[in-house]
Amino acid sequence: CVCVCVCVCVCVCVYGVYGIRSDQDKDISIRYSITGVGADQPPNEVFNIDPVLGKMFVTKPLDREHRSSYHLRAHAVDMNGNQVENPIDLYIFVIDMNDNRPEFKNQVYNGSVDEGSKPGTYVMHVSAFDGDDNTTANGMVRYRILSQMPHTPIPNMFTINSETGDIVTVAPGLDREVVSQYTIIVQATDMEGNLNFGLSNTATAIITVTDINDNPPMLTSRTFSGEVPENRVDLVVANLTVIDADQPHSPNWNTIYRIISGDPSGHFTIRTDPVTNDGMVTVVKPVDFEMNRAFMLTVVVSNQAHLASGIQSSLESTAGVTISVQDVNEPPYFPTNPKHIRFEEGVPAGTSLTTFSASDPDRLQMQYSKLNDPADWLSINRTNGQIVTTAMLDRESIYVKNNIYEATFLATDNGSPAASGTGTLQIYLIDINDNPPALIPRESQICERVNKNVHGVNITAADADTDPNAGPFVFELPNFPTSIRRNWTISRISDYARLGLRYQIYLEPGVYEVPVIVSDSGNPPLSNRSVIKVKVCPCDEHGDCTTLGAVAAAGLGTGAIISILICIIILLSMVLLFVVWIKRREKERHTKQLLIDPEDDVRDNILKYDEEGGGEEDQDYDLSQLQQPDSLEHIISKPPGVRRVDERPIIPESQYPIRPVVPHPGDIGDFIHEGLRAADNDPTAPPYDSLLVFDYEGSGSTAGSVSSLNSSSTGDQDYDYLNDWGPRFKKLDRCCESVPGALLNRLLL
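Residues -19 to -1, 1 to 730 in mature numbering (1 follows the signal peptide of the UniProt record, and there is no 0) are what the sequence shown lists, from first letter to last.
Below, the structure written as structure tokens:
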């Protein structure tokens, strides 16, 4: 067994690698072959072997970056295919060549470094990859900086570690306010950085100089001034401006304003404008010109972020602000607002209640007026504010809520412009007994006879006054009329009274007005004579009014109820008789003679059929016979062969246009319906009326006669058989009496 390591140079298409040979080839002929990846496995036929000599060859270019080694097995067999040697392993390693440039992961790298950083401060890292063998010089990459833009303050502010690619500062002097960004070109070269033999590539590194708070804010002036009207709030009275060189809208630039003196009561605050960074002096508490005519404020400014180490505050960070107070006409005010007073209700008009005066901070003259007086009970003196009643005060008024009446007054000074203030007066009204009680309920019902289940009517009273001017109440019946005490009784039960009939007293059902005197508990008490309407009615065993009793209690006596019932019976009888009469009349109309005399009906209606043939003699017939039949006769027989009576005709009847007729005084509709009913009730009538329609086919027709009506005779015919056709053909019979036979034959045909 032989193990061979073979090295093959890249990019050689056909190259002898190695030869294998068996020591038995002197005695027998041997054939050599190889197997494995690169031979008979993908990628196929990269390597080949001479089967006789055993020499191996490379047939395709080799790429180490694609496959760095191959493992093959060599076989030796005789001419019969018998193995003469055990297979041997062949390991082929591809030797690397410098055929790959270093490749940066990114073409542009971004990094940052604080301004003022010391030399050696780490900034960022760049890296490149070389596809060649990194264990050889072909894959060993080295870095260097080709250029720096701008060159301020020096051209070489940064350096790079040639092996790791770390970029660091190499000199002091980074200042964002001078240069905020640097652009560096970095080169990566393999062959350990040998520019003569190595392959190179470049990338761009952008370094941003980040801001630090190395510039304190500076006020643009040492003094500022403003004005504020007294009694105004949320008003900007002065603007403070600052300059800060740091990055705008960052914590290093945003300014904070503080008032450190001159405003012990906290009338002012300073807000920062988020856009301009200016300070807005705002009044948050009203100022009084009479108390302070000016404010001297001391303001200090700073940033949200602390100053960088070693940076000191500037003198320009402090300023003085003078705020002048402008005098304005302040409105009067009521020292006691609302003002509470107590009075009894019922005080007469003209009573002086109180003096509701106001104070004016500017010590100006004032006038008083009424702003809101819902009940119009009060008036106020325009000069001194004395309030006097103009009407009697009533605690039970709808304008009094919880015993309190409220009115609003106005005090106006004589300033320019005039100012006014409002004050509220609340009057607590003490109740007096000025309302008599009222009886409750005003209507009720009671049984006509007193029994154990009847307890009377419970009554009570309501009083608009409050205790002790309301209940408990006293109920009594008046002495006049005398029938009240004779028929009724009243007794007190707890906080109400009971009104009832005296025992063994009977009253007719009806409505009775019972007067009751109700007195309250005031001092002196007030009484009221009230009337309760009591409905007396018959009751059942439970003490409830019956239906008849309820009607009677509504004011109707027994006689009236009987009269009403009789009237209802009479009315129902009349309705019944009317219905019977209508039914009988309808029956008579059904059974009366269907047809009326021809003399009573003149209907000059002739339908024109536009038939050819005939002349004036053809129309010489009695017109009245076509208007209305005289009577109904039963059909007793029909000549054979005229029409079928056992089936519905299958040939449609002729349809003729309806000629408008002059309305007849008679009821045409009734006439038609009565005739239809008479025909339907005729037992001798066939089930269906059929009309035979004949078509004239001209002379020489081969068709025979189809009806016995056909006649070629010109002589008189016997038409007695028409009498057997029934009432439907009476009119035709009469029409034909005056028609000559020849003409009749033509009509029939």
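Each residue gets a CB set at the ideal place from its N, CA and C atoms; glycine is no exception.
* Asked: Straight-line CA distance for Ala392 to Ser401?
  -> Within the sequence shown, residue 392 is the residue found at index 411, counting from 1. Within the sequence shown, residue 401 is the residue found at index 420, counting from 1. The alpha-carbon atoms of Ala392 and Ser401 are separated by roughly 5 Å.
* Exposed unless 16 or more other CB atoms sit within 10 angstroms - verdict on Met37 -> As a working mapping, residue 37 is identified with position 56 in the sequence shown. With 16 or more Cβ atoms within 10 Å of its Cβ, Met37 is classed as buried.
* Take the Cβ of Met272 as the centre, count every other Cβ of all protein chains shown within 10 Å, and call the residue buried at 16 or more, exposed below. => Counted from its first residue, the sequence shown places residue 272 at position 291. Exposed is the call here.
* Buried or exposed: which applies to Trp562, given that a residue is buried once 16 or more other Cβ atoms fall within 10 Å of its Cβ? -> If you number the sequence shown from 1, residue 562 lands on position 581. Under this definition Trp562 is an exposed residue.
* DSSP three-state call for Val560: helix, strand or coil? -> As a first step, residue 560 must be located in the sequence shown, where it is residue number 579. Looking at Val560 - three-state DSSP - the assignment turns out to be helix.
* Same chain, Cβ closer than 6 Å to Ser93, neighbours up to 5 away in sequence not counted -> Here residue 93 refers to the residue found at position 112 when the sequence shown is read from its first residue. Hits under 6 Å: Thr189 and Thr191.
* Nearest-angstrom beta carbon gap, Asp444 and Pro462 [assumed within contact, 8 Å] -> The residue labelled residue 462 in the question sits at position 481 within the sequence shown. The residue labelled residue 444 in the question sits at position 463 within the sequence shown. Going by Cβ atoms, the distance from Pro462 to Asp444 rounds to 27 Å, so no, they are not a contact pair.
* Is the CB-CB distance between Met199 and Val223 below 8 Å? -> Here the question's residue 199 lines up with position 218 in the sequence shown. Here the question's residue 223 lines up with position 242 in the sequence shown. Against a cut-off of 8 Å, the Cβ pair of Val223 and Met199 comes out as a contact.
* To do: Report buried or exposed for Ser511, applying the criterion of at least 16 other Cβ atoms within 10 angstroms of its Cβ.
  => On the sequence shown, position 530 is the one that residue 511 refers to. Label assigned to Ser511: buried.
* Hey, would you say Ala372 sits closer than 8 Å to Asp394, going by beta carbons? -> One-based indexing of the sequence shown puts residue 372 at position 391. One-based indexing of the sequence shown puts residue 394 at position 413. Contact: no.
* Asked: Exposed or buried, Phe74, counting other C-beta atoms within 10 Å across all chains shown (16 or more means buried)?
  -> If you number the sequence shown from 1, residue 74 lands on position 93. It counts as exposed.
* Contact under 8 Å by Cβ, Ser305 with Glu208 -> Start at 1 with the first residue of the sequence shown, and residue 305 comes out as number 324. Start at 1 with the first residue of the sequence shown, and residue 208 comes out as number 227. In this structure, Ser305 sits near Glu208, with a CB-CB distance shorter than 8 Å.
* Any idea what DSSP makes of Asp195, helix, strand or coil? -> Locating residue 195 in the sequence shown gives position 214, where the first residue counts as 1. Coil.
* To do: Please classify Gln168: is it buried, with 16 or more other beta-carbons within 10 angstroms of its beta-carbon, or exposed?
  => What you label residue 168 is simply residue 187 of the sequence shown in a count that begins at 1. Classification for Gln168: buried.
* Out of curiosity, what's the CA-to-CA distance linking Glu173 and Thr145? -> Stepping through the sequence shown from its first residue, residue 173 is reached at position 192. Stepping through the sequence shown from its first residue, residue 145 is reached at position 164. Between the alpha carbons of Glu173 and Thr145 lies a distance of about 12 Å.
* Secondary structure of Asn119, DSSP reduced to three states -> The count along the sequence shown starts at 1 and reaches residue 119 at position 138. DSSP, read as helix, strand or coil, puts Asn119 in helix.
* Using the rule of at least 16 other Cβ atoms within 10 Å of the residue's Cβ for burial, across every protein chain shown, is Asn662 buried or exposed? -> Taking the first residue of the sequence shown as 1, we reach residue 662 at position 681. Burial call: exposed.
* **Beta-carbon spacing of Thr336, Asn365 below 8 Å** => Taking the sequence shown and counting its residues from 1, the one referred to as residue 336 is at position 355. Taking the sequence shown and counting its residues from 1, the one referred to as residue 365 is at position 384. Their beta carbons are under 8 Å apart, which means Thr336 touches Asn365 by this criterion.
* Asked: If you compare alpha carbons, which of Arg123, Ile141, Pro68 and Ser161 is closest to His132?
  -> In the sequence shown, counting from the first residue as 1, residue 132 sits at position 151. Of the candidates Arg123, Ile141, Pro68 and Ser161, the one whose C-alpha sits nearest the C-alpha of His132 is Ser161.
* To do: Could you work out which residue in Val302, Ser333, Gly331 and Tyr314 is closest to Asn347 when comparing CA atoms only?
  => Here residue 347 refers to the residue found at position 366 when the sequence shown is read from its first residue. With the sequence shown as reference, residue 347 is identified as Met, and Asn is not the correct amino acid for it. Closest option to Met347, Cα to Cα, is Tyr314.
* When Thr164, Thr102, Gly120 and Asn119 are compared against Ser128, the one with the closest alpha-carbon -> To locate residue 128, count along the sequence shown from 1; it is residue 147. Per the Cα distances, Thr164.
* **Alpha carbon of Gly112 to alpha carbon of Glu84, nearest angstrom** => Here residue 112 is taken as the residue at index 131 of the sequence shown, counted from 1. Here residue 84 is taken as the residue at index 103 of the sequence shown, counted from 1. When rounded, the distance between both Cα atoms is 9 Å.
* When the Cβ atoms of the segment 46 to 59 are set against those of the segment 15 to 35, are three or more pairs found closer than 8 Å? -> yes
* Asked: To the nearest whole angstrom, what separates the beta carbons of Gly491 and Asn414, a pair I think is in contact under 8 Å?
  -> The residue given as residue 491 occupies position 510 in the sequence shown. The residue given as residue 414 occupies position 433 in the sequence shown. Incorrect: roughly 37 Å between the Cβ atoms, too far for contact.
* Asked: In terms of residue numbering, what span does the beta strand (DSSP E) encompassing Ser298 cover?
  -> Numbered from its first residue, the sequence shown carries residue 298 at position 317. Per DSSP, Ser298 belongs to no beta strand (DSSP E) and is neither H nor E.
* To do: Assess, as a yes-or-no matter, whether the segment 278 to 290 is touched by the segment 311 to 327 under the definition of 3 or more beta carbon pairs within less than 8 Å.
  => Proximity of the segment 311 to 327 to the segment 278 to 290 falls short of the contact definition, fewer than three beta-carbon pairs being nearer than 8 Å.
* **For Lys382, the three-state DSSP class (helix, strand or coil)** => To locate residue 382, count along the sequence shown from 1; it is residue 401. In the structure shown, Lys382 sits in a strand (DSSP, three-state: E or B).
* Asked: Cβ of residue 742 within 8 Å of Cβ of Ala388?
  -> Residue 742 is absent from the model: the chain starts at -19 and stops at 730.
* To do: Would you list the residues sitting across from Leu514 in a DSSP beta bridge?
  => Indexing the sequence shown from 1 puts residue 514 at position 533. Checking the sequence, you will find Lys at residue 514 rather than Leu. Glu424 and Glu494, per the DSSP bridge assignment.
* **C-alpha distance - Ala300 paired with Pro229, whole-angstrom precision** => On the sequence shown, residue 300 is found 319 positions in, with the first residue counted as 1. On the sequence shown, residue 229 is found 248 positions in, with the first residue counted as 1. About 22 Å.
* **Simplified DSSP assignment, three categories, for Arg344** => Taking the sequence shown and counting its residues from 1, the one referred to as residue 344 is at position 363. Reduced to three states, the DSSP call for Arg344 is coil.
* Asked: Leaving out five residues before and five after Asn509 in sequence, what residues of the same chain have Cβ atoms less than 7 Å from its Cβ?
  -> Within the sequence shown, residue 509 is the residue found at index 528, counting from 1. Closer than 7 Å at Cβ, skipping near neighbours: Pro417, Pro418, Ala419 and Val499.
* Asked: Considering residue 757, what are the terminal residues of the beta strand (DSSP E) in which it resides?
  -> Since the first residue of the chain shown is -19 and the last is 730, residue 757 is not available in this structure.
* To do: With DSSP collapsed to three states, give me the class of Leu546.
  => For this step, residue 546 is matched to residue 565 along the sequence shown. Correct three-state label for Leu546: helix.
* **Inter-residue CB distance, Glu326 and Arg376 (contact presumed, cutoff 8 Å)** => The residue given as residue 326 occupies position 345 in the sequence shown. The residue given as residue 376 occupies position 395 in the sequence shown. About 4 Å separates the beta carbons of Glu326 and Arg376, which is inside the 8 Å limit, making them a contact pair.
* To do: On the DSSP bridge assignment, give the partners of Ile251 in chain order.
  => Here residue 251 corresponds to residue number 270 of the sequence shown, with the count starting at 1. DSSP lists Val262 as partners of Ile251.
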